[in-house]
Each structure stands twice: as C-alpha cells, then as structure tokens.
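J.:
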Amino acid sequence: MSSIAVPVRRQRSALAKTLAFVRYHVLTVYSLLFFAYLLLPIAIVVVFSFNHPTGKFNYIWQGFTWNNWLNWDGVPGIRSAIILSLEIALIASLVATALGTLIALALVRYGFRGRATTNMLIFLPLSTPEIVLGASLLTLFLNVTWLPFGFWTILIAHIMFCISFAVVTVKARLVGFDRHLEEAAMDLGANEWVTFRKVTMPLIAPAILAALLLCFAISIDDFVVTYFNSGSRVTFPLFVWGAARIGAPPQVNVIGTAIFVIAVAGMLGSMLLQMRRGKGAT
Amino acid sequence: MNFFHRHRGLTPYLLLAPGIAWLAVFFVVPLGYLAYQSLQSGNIDFGYAFTWSWGNYWHAIRDYRAQFVRSLEYAGIATALALVISYPVAYWIAFRGGRWKNLLLLFIVAPFFVTYLIRTLAWETILSDNGFVVNTLQSLHLLGSDGRLLATSTAVVTGITYNFLPFMALPLYVSLEQIDHSLIEAAEDLYASKVHAFLRVTLPLSLPGVVAGTLLTFIPAAGDFINAQLLGSPENHMIGNVIQSKFLELTDYPAAASMSFILMAAILVAVFAYARAIGTEQLTGTAV
Amino acid sequence: MTDQLTRRELIERAALGGAAITIPGILAACGGSSSKPSGGSTTVEHKLAKTLEFSNWTFYMDTKGQRNPSLDQFQKKYGVHVDYKEDINDNAGFFGKIQGQLSRGQSIHRDIIVLTDNDRYLSLMIRKGWCEKLDKSAIPNIKNLVDVQKHPNFDPNRDYSLPWQSGMTGIAYNDTLSDPVLSVDDLLSNPKLKGKITCLNSMGDALTLVMLANGDDPTKVTDKSFNAAFNRIKKAVDSKQIRQFTGNDYTPILAKGDLSAAMSWSGDIAQLGNKHIHWNVPTDGGALWTDNMLIPKGGDVYTASVYMNYVYDPKVQGLMEAGDPKRKIVGIYYIPPVAGAGEAAKQFDPSAANNHLIFPTKKMLDSVHLFDNKALNNQKYLTKWQDLISA
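Residue numbers (our numbering), protein chains in the order written: chain V, 1 to 282; chain G, 1 to 288; chain H, 1 to 391.
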C-alpha cells in the first residue's frame, strides 16, 4: 500500500459549505453595499427629477410627472450650461490625461535633474485652496487681455488642475509595471515605438481610463475656479449654484440623471462592442 | 526608433515638457503673484502695497491655529475612512470584476456627474432630523433622542469622505489590477493561507495605490470648505472657510494669500512625514 | 463713446499684455496698479447700443417659459437686444470676480449689474469710482421712485444707482413644529428652539434685527450697540441655540422640518408656497434690503439709463412684479421700488397684488429698517463677524 500522503477530502457539512459560501461572497455583498451607499443620493436625485413641485422648491415629494423630462431645457440657460460643461470636461480630461501620462512616464522611468521639484510641482496645485487658485489665475488672465474670459480660460484652468490627478493615478500603475515584458518585446525585434504602442500602452490602459474618468468627474463638477475664470459663460455647476438660491428646478435633476444614464449606456455599449469583436476574432 | 536611443538623455525632458510648461505658466506664475500678494498690506478702500509684510503669516498662525489643526484632523480622518471603505471595493473590482471592471469604475465616479450642491441636498434629505437614518439611529440608541446628524463634525467628515471616495478608490484599483495573480497562487502553493497571502503579497504590492490614493484624498480635503459650510456649524469650520471669507467678505487678499501658503506648507510637511513613515522604497517612484 | 473708449482701452492693454507675459513683467503689472479707471463720461451720447449686457441674480425677472416678456417688450420698443445673464449669486463672490478688472481700469463688459445695499460692495463700488453716473435726462420715470428710497446714505442723490427690487428680513417658523416665533428674543433665547434655528450670515441683516431687539438704532451703529448685538448672537452660538449660519440655503432645511424657525428673507418664503411656514416682520422690527442697479465703468450709460427708465414705468413694473396668470407670465414676487406698481398689478394678477409679501402694507414698511452703511465697511466689525460665523 502506498504511504504517499494524499489529502483526504473530508465530508463538508452543510454549515461549512454555507460558511465558505458566505466568506467568498462577503466581499461581493460589501461591494454592493458600497455602491448602494455611493449612489444613494443619486437615487434621490433621480426620484426627484420626476417630482412635480408646487412653488419653486424641489425638496418635498409632491407628485409624479413626466413634465421635467419632456421639458428638460425648459429652464432658460440650462441647455447651454450643460453643453459647455460637457465640452470642457471632455477636452480637459483628454488633454490633462495625455500630459499627465507623459509626466508619469518620465518620473517613473527616467533619472533626471529636478525630480524633487517636479514632484513638488505636481502636488502643489492639489494643496492650493480653490479660491486662491481661481483668483490668482484670474489675475494672470487679466494681464493677457487678448484672451477674453470664457471658453478658453475655463478650459485652461481645468486642464491645469486636472494634470496632477492624472499624474498620480497613472504613476500608481507604472510603479509596479513589469519592464521584462517590454524587454522581451524588444528582444523579439520590436523597436521602442512599437513596444510602447503594443505592450506598454495596453498594460497601462486601465490607469489611463481611470485618470480620464477622474479628470472628467473633477472638471464637470468644478465650481470655484470656474467661477472666477468664466467671464460671463455659465457652466452647469455655476448654473446650479445660481439657481439653488431660489430653488433648483427639477430639470437640474433631470440633467444630472441623464448624464449618468448616458455615461452608463455608453460604457455598456462599448463593452458589448468589444465582446462581439472578441467573438468575431475567434 | 533610433532617435530615442541616441537621445536617451533628452527623453525625460521631452516627456515632461508639455505638462510642466502648462503648469509653469498657468500655476507657477499665478502662485508667484499670490506670494507677492501675501506680503502686501492694505485694504480695498485705499489699495494694497507691497511692504514685505511677514506679519501676515504670523497673524494667520496665531489667530487661526485651531482651524488649521482641525482641517488636518478632519482631512486625516476622512482619508483613513476612505481608505478602509474603498480598499475592499477596489480589490473586488480588480480581482472579481471581470469584464465589468470599466462599468464598475464608471459607477464610482458617476456621483460627480450630478453637481455637488444637488448631491449634498440629497444627503441633507437623507440625514434629515426626521428622516429614516436618524430615526433608526435613535431607536438603536446610537443617537440621543434629540440628537441630529446634520450640522455636526460627523456630518462634515462624512461629507468629505463621501466626496473623495473616487479619489481613493481609483488609484487603489489601478495598482491592484496589475498584480500578477500567479504571485498569489505561488504563495498559496507554499502553504500560505488566503489571509496570509493577502497580507504578504497583495497588500505590499498595492502600496503604490494606497500612497497615491491617500495623497489624492488628503491633500485637497485639507483645503476643502464646502462640506463644512453646508453640513457643519461654526465650530466645525475649516481653514478653507476662513480663507474663503478673508478673500470674499473681508477683501483681505494678503491674509488669504498668506494663509494659503501656510496651508500648503502644512500639507507638504504632513506628506513628507507620511513619506518617511511609509519608507523610502515606496517613495522613489511614488510620492517623492 | 463708451464703446470706443473700451476698445481703445483694450488695445492699449493688449500691447501691454504682450510684453507682460514674462514673469517679471506680469508681477510688475500685477503689483497693485490701481490706475484711475479711464472713461469719465462727461457728455453722454444719446445713441442706443445694439445690445444691453445685463447681469442679475437668478429668478429676478418675469418669465414666460424660456423667455422674459418684459425684456422682449423692451427690444420691440427700442430695438435693443438685452443679453440677460443670471450670473450673480452672491455679492461677495461677484465682487471678488470683477474687482480685478475694475481695479485695473478694465471694462467688465456689462452695462448693468445688481448689488445689494446691506452689504459693503455697493457703496464700495460707488466710493471707488467704479460706476458710471446715470444719465438722468434719459430717466424721467425716476420720479416714480418710492420716497423711502430717494436718498440712501450710500448714494444721496441717486447719481449712480437705482433700486431693482427690495425684500424684507424677518423670521419664518414652521407651525407644525413650534408655536409662533414672532420676535428675535424668542428666536435667540427660547429653550424649546435650541439647535433648531438658523441665523443669517449676512452681518447687515442679522445685526439689524438683533439691534432692534436690543432697542438700539441700526442706522447709527456705535461700538457699544455693535458689541451688545454681537455678544447676544455669540451667546446663542455658544449655547448651541443657533444651529448654523446660512445664506438662503436655510430654505430646504426649513422645508424639510429640520428647523423650527429661521431668520429669513420674505421673497424666499413667498416662493416656497408652503402653508405651514409663516413669515413675519419681527415684533421689534425687521430689515429692509434693496438690490440696486449700477452701471459699471465701461458700460453704456445711455442705453442702460433708457432701460432703467423703462422698468420704472408703473405699468411695466406691475406686470414684471406680479406676472399675469392669464398669459402664463410668472412674476418676480419681491418688493417693487416703483410707486403705482401695486395699482397696475391689480389688473394682471389681483391675488399677487394683495400679497403683502410683495406689496407690503404701510405698517410693515414702517417697521423695517436699513443698516448703517459705515458699519458695513468697518473692517474691525467685519473681521469680528466673520470670525464668529466661521468659528
């Protein structure tokens, strides 16, 4: 008879199985609770987008209506505000992420003079209170009078404060990056450019996506810096802060919900597209 | 391309150039003006003059020390909370997310698509004195019978934590997601329990993300003013509120400027202390 | 004429700006150059501009769907398009934004802006010479200005400003949560209201009410009366009677029942439309504040003046104020400064015409007071106040 120790599978009681099940899924449950917590105020916002308020305040549920959705741009100025915010957020997040990724690459992979200063320069915008950041940027623009306040000044400001976020996010990924993969690619004949495109980029893609999302979120929600540098253009947050003085109309909820839904739909769409492409390839 | 080989020395500078140039023009220059302003004295009626007024700094520390300390406290607690709350979720998305990863990431930042004020108003509804949450806490005796959640330091810290969750969760995810699972499998093959494998393999490898998330949360949170303004009472106000009032209501631009620099200095000191505590290996490549 | 000046000004600045993009250049240019604002209009050309740039607070104009009927009427009558922007949500914030340009003598590209009189910025703008003088020859309707507004202490001859709308500050309470709260004494000392009231963060409003409750005169503030009122409020903060200091964000908290009472503005309560929330002028007296129209430096004086004349026509003001339910026009619902507007409003919306929050009775108007303008600009008082509300 062989005396090789073979682990014997003990009969697991129902209790043990249940515990194992619970232990495996506790993380899932926790995560779902987390999302519930995160999205709870959004749920309120969505619900109140269907509210039919008497008077100008939308805090107490008064009755269901489709009106706000049908009439989503019924409030003067709301449409141009949200379009401006979306444009700015899109461009700013793309540019900031691009610039930030380049900086992150330099910081992690190369030695150069002025590393400490560069790091400092990345952190300082994060630590500067928004009001003085906005006001001192305003002062700069005041001395560049050929640039009128409006779209471009808002965009410049947004890119400026998003770069730091992009750098830190992408850097977290690059630090643990396995250079051997790149070396292997180059050993197999790829030059630096191709290696970067085909090996590095896909592997840091999740970080770039995360940076894009973060920058987009920051930009679309910014109030203080935008306020000082917007001239007479009104972005969505500026509109809301102004309207909230007398009572934000339910259309604000509609717009917020709509962006959320469109973003989710867009993401789902691209996922479906990738899955179908994957199927086609095999 | 041979260009990069030959010009290796130049590469980092070329990579840095566009971003750093942007920051240099649109951040450093305004910051220079801010520094200049912080040494001015005067008022809005008669104008401001540059007088090497170092007293601004001294007065700021002397008069508002409580708010400075409170800001660092609230930011620190909120950061710790955000880390503890977000880490499991970032882990879950990275390890179990599968093809839904990107969608789940989107859900984390989605609350930002609805403007801050509306989100906070929704929270004011949820945490209202007569609402479900407070009533439950009262019946569980976690809250006094005339206790409330709003207009307290709890509300302020909770608000800050909530608003910075994505800033913590995303970097955590980014660093967790690239951990090579075969390393964990190897640890388990070597008889490590799941917990042990996590503590010895996963956690250390995710440290760059922890550092990144901590910095992205703590630094801006210390200068926040909006949560304290809407969710707190005067005794919860942070240095951001004071700077805000110095600038807007008191038109005391030199004071606002000098306080901003003190805040920035305090934050940088805290960051360096944190860097020391974490250990320099994490730092080369992450923080400093 | 002002158009030309603005353009020339800009060209000059552009030339300077090109050189100033170097860091030393920028610092030099930034360094407190409070050059005298250019463009003193001696004789105003009587030519209407094509566009009137008008910045105002939100929901401060009659509306019909997406449009503002009174502005459309103005365009029809005078051929001037009004570019109406609701970008003022706060005196301090708006001032903080425009002071940079005004202190450098640059135009802010507005013809009319609206600031409140119980805050320091209105008088500051006038004192610093950052506003243009009105062209009174174009405003014959100025005779319709109500008497009480004719000689305010920040602009005794109404050379630079004209009221847009007024409002009153008083106390609102929720009748499902509390007995009527009708006095400041009650608000600040009734133990039943502890932690369930808010005070306004506006020094002018809060101190007016408390000084009146102390028996002092808010139009002539002394150190003694200031300290008495200040300490009273401080006591209420320390004892946690006051839950928070708010701007108009007290409205949702009040509506949701988290507050029993709040120091509040009449217009907000009128628009809340909640039958359980009542607003009253406090027994010892309340405050009257007025938002005023100003022409910032570089604005088109004649066109702005013509517009002001237009809104001072009682018929126009009556419609703007009360709206007209028959034509689906929603009114402003604050207090108009134009005599005769109430009468005119009767033909459009009688119920609004009888609403005392919009057209207050003489008794109400007699019991509301203004705040000493000098005190509003006293840096010592202001710092003390800010430290209190920002503990």
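No residue lacks a Cβ here, since even glycine has one placed at the ideal position from N, Cα and C.
Owing to the predicted nature of the structure, the values given are computational and were not obtained by experimental measurement.
Ignore the nearest five residues each way along the sequence and tell me which others in Leu177 (chain H)'s own chain have a CB closer than 7 angstroms to its CB.
T.: Gly257 and Ser260
J.: With distances taken Cα to Cα, identify the nearest neighbour of Gly63 (chain V) among V:Pro129, V:Pro53, V:Trp72 and V:Asn71.
T.: V:Pro53
J.: Considering only the alpha carbon of each residue, which of G:Gly9, G:Leu142, G:Thr79 and G:Ala186 lies closest to Ala270 (chain G)?
T.: G:Thr79
J.: Using a Cβ-Cβ cut-off of 9 angstroms, state whether Ser128 (chain G) counts as contacting chain H.
T.: yes
J.: Measure the Cβ-Cβ separation of Trp164 (chain H) and Tyr302 (chain H) and say whether it is below 9 angstroms.
T.: no
J.: Quick one: Cα of Asn56 (chain G) to Cα of Leu250 (chain G), how far?
T.: 14 angstroms
J.: Mapping the DSSP letters down to three states, classify Thr22 (chain H) as helix, strand or coil.
T.: Note that Thr22 (chain H) has pLDDT 38, beneath the 50 cutoff, so the model's placement of it is unreliable and the number below is only indicative. Coil.
J.: Do Gly167 (chain H) and Leu288 (chain H) have their C-beta atoms closer together than 9 angstroms?
T.: yes
J.: Kindly indicate if chain G contains any beta-carbon less than 9 angstroms away from that of Lys374 (chain H).
T.: So, not an interface residue.
J.: Would you kindly work out how many angstroms separate the C-alpha atoms of Gln99 (chain H) and Leu34 (chain G), rounded to a whole number?
T.: 16 angstroms
J.: Gly63 (chain V) CB to nearest chain H CB: under 9 angstroms?
T.: no
J.: Which residues in chain H sit within 7 angstroms of Val283 (chain V), going by Cβ to Cβ distance?
T.: Since the first residue shown for chain V is 1 and the last is 282, residue 283 (chain V) is missing from the structure and cannot be characterised.
J.: Tell me the DSSP secondary structure of Lys133 (chain H) in three-state form.
T.: Lys133 (chain H) falls in the coil class under three-state DSSP.
J.: The alpha helix (DSSP H) that contains Pro314 (chain H), what's its start and end?
T.: Pro314 to Ala322
J.: Going along the chain, which residues of its own chain have a beta-carbon closer than 7 angstroms to the beta-carbon of Val157 (chain G), five neighbours each way excluded?
T.: Tyr74, Ile77 and Ala78
J.: When the Cα atoms are used, what is the spatial distance from Trp265 (chain H) to Ile253 (chain H)?
T.: 14 angstroms
J.: How would you list, in chain order, the residues of chain H whose beta-carbon sits under 8 angstroms from the beta-carbon of Thr298 (chain G)?
T.: Past the edges of chain G, shown from 1 to 288, lies residue 298 (chain G), and the structure says nothing about it.
J.: Mind listing which residues of the region 89–122 of chain H have their C-beta closer than 7 angstroms to chain G's C-betas, in chain order?
T.: Ala92, Gly93 and Gly96
J.: Along the chain, where does the alpha helix (DSSP H) that runs through Pro202 (chain V) open and close?
T.: Met201 to Asp221
J.: Would you say Gly74 (chain V) reaches chain H, if we count a Cβ-Cβ gap shorter than 9 angstroms as a contact?
T.: Using a Cβ-Cβ cut-off of 9 angstroms, Gly74 (chain V) counts as an interface residue toward chain H, since at least one Cβ of chain H sits closer than that to its own.
J.: Name, please, each residue of chain G whose Cβ falls closer than 7 angstroms to the Cβ of Arg173 (chain V).
T.: Val174, Ser175 and Gln178
J.: When you compare the CB positions of Lys101 (chain G) and Pro206 (chain V), do they come within less than 9 angstroms of one another, or not?
T.: Contact: yes.
J.: From Val121 (chain G) to His369 (chain H), what does the alpha carbon distance come to, in whole angstroms?
T.: The sequence shown places Leu at residue 121 (chain G), not Val. One C-alpha to the other measures close to 33 angstroms.
J.: So which residues of chain G does Gly231 (chain V) contact, with C-beta pairs closer than 9 angstroms?
T.: Here the premise fails: no neighbours, minimum Cβ distance about 16 angstroms.
J.: So what does Asn280 (chain H) bridge to, in DSSP terms?
T.: H:Ile171
J.: Could I get the ranges of all uninterrupted alpha helix (DSSP H) runs contained in the region 17–87 of chain G, with 4 residues as the minimum, in chain order?
T.: 29–38
J.: What's the gap between the Cα of Tyr392 (chain H) and the Cα of Arg67 (chain H)?
T.: The structure shown does not extend to residue 392 (chain H), since chain H spans only 1 to 391, so no value can be given for it.
J.: Can you check which of these residues, H:Glu45, H:Lys50, H:Gly65 and H:Ser239, is closest to Ser330 (chain H) by C-alpha distance?
T.: The amino acid at residue 330 (chain H) is misidentified as Ser; the sequence shows Val. When each option's Cα is compared against that of Val330 (chain H), the closest is H:Gly65.
J.: Taking only three categories from DSSP, how would you classify Val80 (chain H)?
T.: coil
J.: For my contact list, Phe312 (chain G) and Phe35 (chain V) are in at a C-beta cut-off of 8 angstroms; report their separation, rounded to the angstrom.
T.: The requested residue 312 (chain G) does not occur in the structure, where chain G is confined to residues 1 to 288.
J.: Looking at the secondary structure, which residues open and close the alpha helix (DSSP H) in which Asn446 (chain H) lies?
T.: Not covered by the structure: residue 446 (chain H). The range shown for chain H is 1 to 391.
J.: What in chain G is Cβ-close to Pro252 (chain H), meaning under 7 angstroms?
T.: Neighbourhood of Pro252 (chain H) in chain G, by CB distance below 7 angstroms: Leu121 and Glu124, in chain order.
J.: Closest to Val29 (chain V) by CA distance: which of G:Arg96, G:Ser258 and G:Leu170 is it?
T.: Answer by Cα proximity: G:Arg96.
J.: Closer than 7 angstroms by C-beta to Ser258 (chain G): which residues in its own chain qualify, once you throw out the five before and the five after it? Chain order, please.
T.: Once the five neighbours on either side are set aside, the close Cβ partners of Ser258 (chain G) are Ser38, Asn56, Tyr57 and Ala60.
J.: Identify the contact partners of Gly318 (chain H) in chain V, using a Cβ-Cβ distance below 7 angstroms as the criterion.
T.: Simply none; closest approach about 21 angstroms.
J.: Under 7 angstroms, CB to CB, which of the residues in the region 234–260 of chain G have a partner in chain V?
T.: Gly240, Ile243, Gln244, Phe247, Ala256, Ala257 and Ser260
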